[in-house]
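Q: Numbering (UniProt numbering), first residue to last: 1 to 164.
Beta carbons: idealized from backbone N, C-alpha and C, even for Gly.
1. Alpha carbon to alpha carbon, how far is residue 118 from residue 125?
2. Count the other C-beta atoms from every protein chain shown that fall within 10 angstroms of the C-beta of residue 17, then say buried if there are 16 or more, exposed otherwise.
3. Report the rounded CA-to-CA distance for residue 7 versus residue 15, giving the unit in angstroms.
4. Here's a check: name, in chain order, each residue in its chain whose Cβ is nearer than 7 Å to the Cβ of residue 158, leaving out the five neighbours to either side.
5. Please determine, among 112, 150, 149, 82, the residue with the shortest C-alpha to C-alpha distance to residue 35.
6. Buried or exposed, going by whether 16 or more other CB atoms sit within 10 Å of the CB of residue 121?
7. Taking the alpha-carbon positions, what's the residue 151 to residue 80 distance?
8. So, residue 55 versus residue 87, is the Cβ gap smaller than 7 Å?
9. In the DSSP assignment, the alpha helix (DSSP H) including residue 108 goes from what residue to what residue?
10. Out of curiosity, what's the CA-to-CA distance linking residue 113 and residue 103?
11. Among 155, 76, 161, which has the Cα closest to the Cα of residue 25?
12. Looking at the structure shown, is residue 180 part of a helix, part of a strand, or coil, going by DSSP?
13. What is the residue span of the alpha helix (DSSP H) that residue 35 lies within?
14. Under DSSP, the alpha helix (DSSP H) around residue 4 begins and ends at which residues?
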């Protein structure tokens, strides 16, 4: 039962990510709440509290990556949803496999588009001038949309592989 629900949520998140370059909270937040309700109903209140702890731990693990703009908040919420339904170990496996898929996609993008040199210049300027609190290393609003890796479809693929 939970597999069908999680597959549907990942499908909706993937479509939303492909269309709008972001994952809507209207998709992910109800799924996270339903994962807690699922835990209460099938495993009891104690396991639901453990699920909330696991989801919080996933958020804390990926918070530095989010602050460096390496991953989006919607992707972290997807990892939290999967962790809420299946547990911490399963969630970490899906997140690790998703990041590996994103790494392969990033290597492909680097070879296909010549944006890597520009990113190194942005990093150099950030390290020289912006470390003291002025701005971010990578401003997504002024970058080309071609360099964004949409991780929701990669998360769905990783979920299916870990589920097998």
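A: Concretely, from the data shown:
1. As a first step, residue 118 must be located in the chain shown, where it is residue number 118. As a first step, residue 125 must be located in the chain shown, where it is residue number 125. C-alpha separation (whole angstroms): 11 Å.
2. Counted from its first residue, the chain shown places residue 17 at position 17. By the 10 Å Cβ count, residue 17 comes out buried.
3. Against the chain shown, residue 7 aligns to sequence position 7. Against the chain shown, residue 15 aligns to sequence position 15. So the two alpha carbons sit approximately 12 Å from each other.
4. For this step, residue 158 is matched to residue 158 along the chain shown. If we look at residue 158 and ignore the five residues flanking it on each side, its Cβ neighbours are 94, 97, 98, 101.
5. Counted from its first residue, the chain shown places residue 35 at position 35. Comparing Cα positions, the closest option is 82.
6. Taking the chain shown and counting its residues from 1, one reaches residue 121 at position 121. Burial call: exposed.
7. Taking the first residue of the chain shown as 1, we reach residue 151 at position 151. Taking the first residue of the chain shown as 1, we reach residue 80 at position 80. Their backbone Cα atoms lie some 14 Å apart in a straight line.
8. Indexing the chain shown from 1 puts residue 55 at position 55. Indexing the chain shown from 1 puts residue 87 at position 87. No, they are not a contact pair.
9. Counted from its first residue, the chain shown places residue 108 at position 108. Counting along the chain, the alpha helix (DSSP H) containing residue 108 begins and ends at 88-112.
10. To locate residue 113, count along the chain shown from 1; it is residue 113. To locate residue 103, count along the chain shown from 1; it is residue 103. Spanning the two alpha carbons is a distance of roughly 15 Å.
11. For this step, residue 25 is matched to residue 25 along the chain shown. Answer by Cα proximity: 76.
12. There is simply no residue 180 to check, as the chain begins at 1 and stops at 164 in what is shown.
13. Taking the chain shown and counting its residues from 1, the one referred to as residue 35 is at position 35. 25-43 is the extent of the alpha helix (DSSP H) around residue 35.
14. Within the chain shown, the letter at position 4 stands for residue 4. Where residue 4 is concerned, the enclosing alpha helix (DSSP H) stretches over 2-20.
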